[in-house]
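Undergrad: Take 4 as the starting number for the sequence shown in our numbering and just add one per residue. Glycine is no exception: its CB is placed at the ideal position from the N, C-alpha and C atoms. Quick one: the structure is below, questions incoming.
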Amino acid sequence: MLLINDPSDAPAGPKVVAIGSFDGLHLGHQHLIHQAQQEAKNRHIPLLVYTFDPPSKVFMRGEGFLTDLSEKLELLRGLGVEIALIVPFTEAFSKRSKDDFLGDLRALEAQRIYVGADFRFGKARAGGLEDLNTVAPTQILPLLELGGRPVKSSRIRDLLRAGEVDEAKLLLGRTYTARGIVQEGDKLGRQLGFPTANIEVAPLKILPMGVFAVRVQTPQGRFGGMANVGYRPTVSGQVLRFEAHLFGFAGDLYGQELSVEFLTKLRGEKKFESLEALKAQLAQDAEAARRVLGI
Numbered sequence: 004m005l006l007i008n009d010p011s012d013a014p015a016g017p018k019v020v021a022i023g024s025f026d027g028l029h030l031g032h033q034h035l036i037h038q039a040q041q042e043a044k045n046r047h048i049p050l051l052v053y054t055f056d057p058p059s060k061v062f063m064r065g066e067g068f069l070t071d072l073s074e075k076l077e078l079l080r081g082l083g084v085e086i087a088l089i090v091p092f093t094e095a096f097s098k099r100s101k102d103d104f105l106g107d108l109r110a111l112e113a114q115r116i117y118v119g120a121d122f123r124f125g126k127a128r129a130g131g132l133e134d135l136n137t138v139a140p141t142q143i144l145p146l147l148e149l150g151g152r153p154v155k156s157s158r159i160r161d162l163l164r165a166g167e168v169d170e171a172k173l174l175l176g177r178t179y180t181a182r183g184i185v186q187e188g189d190k191l192g193r194q195l196g197f198p199t200a201n202i203e204v205a206p207l208k209i210l211p212m213g214v215f216a217v218r219v220q221t222p223q224g225r226f227g228g229m230a231n232v233g234y235r236p237t238v239s240g241q242v243l244r245f246e247a248h249l250f251g252f253a254g255d256l257y258g259q260e261l262s263v264e265f266l267t268k269l270r271g272e273k274k275f276e277s278l279e280a281l282k283a284q285l286a287q288d289a290e291a292a293r294r295v296l297g298i
């Protein structure tokens, strides 16, 4: 996959262009990209995905995001996208007129454009379908629906905040994943017999709340485990923590990047009367997680 950051860097020649923030690259996004790919194949020209980093809502409103840039690129590559145009979403970019954006599409030699039904562009979201059609015939895809409701990144964010990773998986088409670097913690898990990796993710990365069965990719291999995302009320915690206990792992993970797949929610976070009560619950959580993992 060719990665570029400016329309002027795109290879010459006609293209099919799919546009959107594509945060999460959920089933609706995948459907749009697949439709654009088929068009590109029929025309024997490449598909270019025009997207932004960070997503506009993250930059403009401070909303959480589902996929960071490295995750998005990995998913686009997996979908077979040939060219990815990742434009930095900055203050200056947010103030560009719709005509400036249309100029980008002309420079890309777009022969066909694909967008979702809720797509708008340019300063104050002034641009729409009629403007895109001045560049090339534009296909607006209706929002994909599951369970009688549109598949949208905002819907997935709400599910994750509630810890509903199983429902989020249905909309994403894959298990939700969070990556981060292991930092030194207070070693409470070790005292309880369940040592954990204290994982620090990128600011604004959405994390599901609760206790989960997980799979964790480490530099030493892949491990099943359980993870907690919460404030640790039993020890009067004040800061959100993301901690994972890896079954069968022995060693030092400090400074290493882990990728955690949230398989299913085991329970919500709760306050226990004592550390002994918490330890007993962790033993039950470990048994439940092992059943989910089949180990």
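1) Identify which residue in Ile209, Phe197, Glu290 and Gly251 has its Cα closest to the Cα of Gln223.
2) So, is Glu42 buried or exposed, given that buried needs 16 or more other C-beta atoms within 10 angstroms?
3) Would Ile159 pass as a contact of Leu69 if the rule is Cβ separation under 8 Å?
4) Exposed or buried, Asp121, counting other C-beta atoms within 10 Å across all chains shown (16 or more means buried)?
5) Which residues mark the beginning and the end of the alpha helix (DSSP H) in which Gly106 is found?
6) With 16 as the cutoff for other CB atoms within 10 Å, does Tyr257 come out buried or exposed?
7) Would you call the region 280 to 291 and the region 192 to 204 touching, i.e. three or more CB-CB distances under 8 Å?
8) Does the region 85 to 100 come within contact of the region 139 to 151, defined as at least 3 CB pairs closer than 8 Å?
9) Buried or exposed: which applies to His47, given that a residue is buried once 16 or more other Cβ atoms fall within 10 Å of its Cβ?
10) Return the first residue and the last residue of the beta strand (DSSP E) that Ala247 is part of.
11) How many angstroms separate the CA atom of Leu30 from the CA atom of Leu174?
12) Suppose you measure from the CA of Pro58 to the CA of Ala87; what does that come to, to the nearest Å?
13) Apart from the five residues just before and just after Asp26, which ones in its own chain have a Cβ nearer than 7 Å to its Cβ?
14) Please name the residue, chosen from Ile116, Arg164 and Glu279, that lies closest to Ile22 on a Cα-to-Cα basis.
15) Where does Lys208 sit, in a helix, a strand or coil, going by DSSP?
16) By Cβ distance below 6 Å, which residues in the same chain neighbour Ser100 in space, the five residues on each side in sequence not counted?
17) Which residues in the same chain as Val214 place their Cβ atom closer than 6 Å to its Cβ, once the five residues preceding and following it in sequence are excluded?
18) Could you check where the alpha helix (DSSP H) with Arg294 kicks off and where it finishes?
19) Rounding to the nearest angstrom, what Cα-Cα distance links Leu111 and Arg244 in this structure?
TA: The relevant details are as follows:
1) For the residues Ile209, Phe197, Glu290 and Gly251, the minimum Cα distance to Gln223 belongs to Gly251.
2) Classified as buried, Glu42 has 16 or more neighbouring CB atoms from the shown chains inside 10 Å of its CB.
3) Contact: yes.
4) So Asp121 counts as exposed.
5) Lys101 to Ala110 is the span of the alpha helix (DSSP H), which, as asked, contains Gly106.
6) Exposed, because fewer than 16 other Cβ atoms sit within 10 Å of the Cβ of Tyr257.
7) Flag = yes, the region 280 to 291 and the region 192 to 204 touch.
8) Contact between the region 85 to 100 and the region 139 to 151 is absent: fewer than 3 CB-CB pairs across the two stretches fall below 8 Å.
9) Its Cβ having fewer than 16 others within 10 Å, His47 is exposed.
10) Note, Ala247: beta strand (DSSP E), Arg244 to Leu249.
11) Their Cα atoms are separated by approximately 6 Å.
12) Counting only the Cα atoms, Ala87 lies some 15 Å from Pro58.
13) These residues qualify, in order along the chain: Pro58, Phe68, Leu69, Thr70 and Ser156.
14) Looking from the CA of Ile22, the closest CA among Ile116, Arg164 and Glu279 belongs to Ile116.
15) Correct three-state label for Lys208: strand.
16) Contacts found: Gly125 and Lys126.
17) So the qualifying residues of the chain are Asn231, Leu269, Arg270 and Asp288.
18) Arg294 -> alpha helix (DSSP H) spans Leu278 to Leu296.
19) Each residue's alpha carbon lies about 44 Å from the other.
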